[in-house]
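First the structure, in the form of structure tokens, and then the observations on it.
Residue numbers (our numbering), protein chains in the order written: chain A, 3 to 216; chain B, 3 to 216.
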């Protein structure tokens, strides 16, 4: 069975995965960029965005692990774009230009039907309107023997956690306080849901933890 | 002005400072002991409890810092003991035996009057029934030019945070998930209250962060 994995998901010290007041100027919410400083510096991130250089070491190892053995992705609609309600047309093709960094089928959760959208480099966006289990089934079929990466955002991850469908979750706890926004933990009893901390590797930039479901 | 400082306060990855179902057998709540593993190993902790040995290094440095330049302590009643309601008599003298590890005046918040309780080694417990500001005023007078350490528990710290009275808070984020219990962050906007992260020193045992009020 392929695993459903959350990888490189950054949260603040007070548990927020995104800041308040998300909009086009602040897609991660106000203050949300601070969560991802550990990732921006890595070789994996730089390479993903067509740049050379970047750091190696623990932060990069975790960033790289997020792309290993991944056969499909699942994204919440807000991660795909800022469009709300029915799709007015096919002009929005994601935040990532002509060649998105996925290179696999990507299943986007939405309430509004839309035709599959093939992109360059092996990424095709499929729009799933019949719920998170359906998206997971379709992603599993597409992934074959590989795993599925659950990209986010917070509310999508919380839905899959609550349904007991996430097998493994790598969080990077950043040295930042957001105070409000989208909280990953609020009202979610991860202990009761069977998660325990199976890996703990701190770096000067973030504390990496892996939560695994029993 | 003396500072009001929280030191060596351990929280889980999901923000809990104590587990659920606190009682005499589990004074830190179920699972709560896991939060303090980083501290138990340190030389400072071992010495405090009359043992030799213990680790030195970053964990111990943070533990030791919590006792530097402290002229008075403030504790919530639950940290002083399990007795609830009016004091039946003077028999409960804290968890710590005849010579508690404070060696300063200690102001215990309670709704029920009780005479001051002098102990060996310089600790005297004073019982404050007229609120957190009063306890802080009395502790400041007793501390002189030194700082005041706010010991806990969670609900006491939250009261002082909400009132904007905590100057500095050292948290040790432990690699543990509790899922329920007493959450330090829930419903508290630390960003709005003026706190930011001014220090971030991870170790294999815990991620140490210091939040300072602007």
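The beta-carbon is built from N, C-alpha and C at its ideal position, and this holds for glycine as well.
Contacting residues, own chain, Cβ-Cβ under 6 Å from residue 205(A) (five flanking each side not counted): Locating residue 205(A) in the first chain gives position 203, counting from the first residue. Once the five neighbours on either side are set aside, the close Cβ partners of residue 205(A) are 60, 61.
Candidates 191(A), 23(A), 50(A): closest to residue 160(A) by CA position: Locating residue 160(A) in the first chain gives position 158, counting from the first residue. The shortest Cα separation from residue 160(A) among 191(A), 23(A), 50(A) belongs to 191(A).
8 Å Cβ cutoff, residue 20(A) in contact with chain B: Here the question's residue 20(A) lines up with position 18 in the first chain. Chain B, which has no Cβ nearer than 8 Å to the Cβ of residue 20(A), makes this no.
Contacts that residue 163(B) makes with chain A (C-beta to C-beta distance below 7 Å): For the purposes of this step, residue 163(B) is identified with residue 161 of the second chain, where counting begins at 1. What residue 163(B) touches in chain A: nothing, since even the nearest Cβ is about 11 Å away.
Beta carbon proximity, residue 159(A) to chain B, threshold 8 Å: Residue numbering aside, residue 159(A) sits at position 157 when the first chain is read from its first letter. So, not an interface residue.
Min CB distance residue 16(B) to chain A below 8 Å: As a working mapping, residue 16(B) is identified with position 14 in the second chain. Chain A, which has a Cβ nearer than 8 Å to the Cβ of residue 16(B), makes this yes.
Beta-ladder partner(s) of residue 171(A), from DSSP: Mapped onto the first chain, residue 171(A) falls at position 169. Answer is 8(A), 213(A).
Which of helix, strand or coil DSSP assigns to residue 77(B): Along the second chain, one-based indexing puts residue 77(B) at 75. It is a strand residue.
Touch test, the stretch 33-49 of chain B against the stretch 12-21 of chain B, Cβ-Cβ under 8 Å, three pairs minimum: yes
Residue 203(B) beta carbon near the ligand PLP (any heavy atom closer than 7 Å): Because no ligand of any kind appears in the structure shown, any question about the ligand PLP cannot be addressed here.
Start-end ranges of the beta strand (DSSP E) lying completely within the stretch 131-175 of chain B, minimum 3 residues: 149-154, 170-175
Secondary structure, alpha helix (DSSP H): runs of 4+ residues fully inside the stretch 47-72 of chain B: 60-67
Residue 13(A) versus residue 78(A) - alpha carbon distance: Here residue 13(A) is taken as the residue at index 11 of the first chain, counted from 1. Here residue 78(A) is taken as the residue at index 76 of the first chain, counted from 1. When rounded, the distance between both Cα atoms is 17 Å.
Residue-level contact to chain A via CB, residue 181(B), 8 Å cutoff: Taking the first residue of the second chain as 1, we reach residue 181(B) at position 179. So yes, residue 181(B) belongs to the interface.
Candidates 214(A), 121(A), 3(A), of which the one nearest residue 168(A) by Cα: Taking the first chain and counting its residues from 1, the one referred to as residue 168(A) is at position 166. The candidate whose alpha carbon is nearest that of residue 168(A) is 214(A).
Check whether residue 11(B) and residue 173(B) have beta carbons under 8 Å apart: Counting from one through the second chain, the residue named residue 11(B) turns up at place 9. Counting from one through the second chain, the residue named residue 173(B) turns up at place 171. Yes, they are a contact pair.
Proximity below 8 Å, CB of residue 187(B) to CB of residue 140(B): As a first step, residue 187(B) must be located in the second chain, where it is residue number 185. As a first step, residue 140(B) must be located in the second chain, where it is residue number 138. No, Cβ-Cβ distance for residue 187(B) and residue 140(B) is not below 8 Å.
Same chain, Cβ closer than 7 Å to residue 146(B), five either side skipped, listed in chain order: Position 144 of the second chain, counting from 1, holds the residue named residue 146(B). Within the same chain, residue 146(B) has close Cβ partners 73.
CB contact flag (residue 81(B), residue 153(B), <8 Å): Within the second chain, numbered from 1, the residue matching residue 81(B) stands at position 79. Within the second chain, numbered from 1, the residue matching residue 153(B) stands at position 151. Yes. Within cutoff.
Every unbroken alpha helix (DSSP H) within the stretch 21-47 of chain A, with a cutoff of 4 residues, ordered by chain: 39-42
C-beta contact flag for residue 106(B) and residue 129(B) at 8 Å: Stepping through the second chain from its first residue, residue 106(B) is reached at position 104. Stepping through the second chain from its first residue, residue 129(B) is reached at position 127. Result no, Cβ atoms of residue 106(B) and residue 129(B) do not sit closer than 8 Å.
Members of the stretch 34-58 of chain A near chain B, C-beta cut-off 7 Å: none
Neighbour-count burial assignment, residue 91(B), 16 or more Cβ in a 10 Å radius: For this step, residue 91(B) is matched to residue 89 along the second chain. Residue 91(B) is exposed by the Cβ-count criterion.
Extent of the continuous beta strand (DSSP E) to which residue 111(B) belongs: Residue 111(B) sits at position 109 when you count from the first residue of the second chain. 107-111 is the extent of the beta strand (DSSP E) around residue 111(B).
Bounding residues of the beta strand (DSSP E) (the contiguous stretch that carries residue 193(A)): Against the first chain, residue 193(A) aligns to sequence position 191. First-last for residue 193(A): undefined, no H or E at that position.
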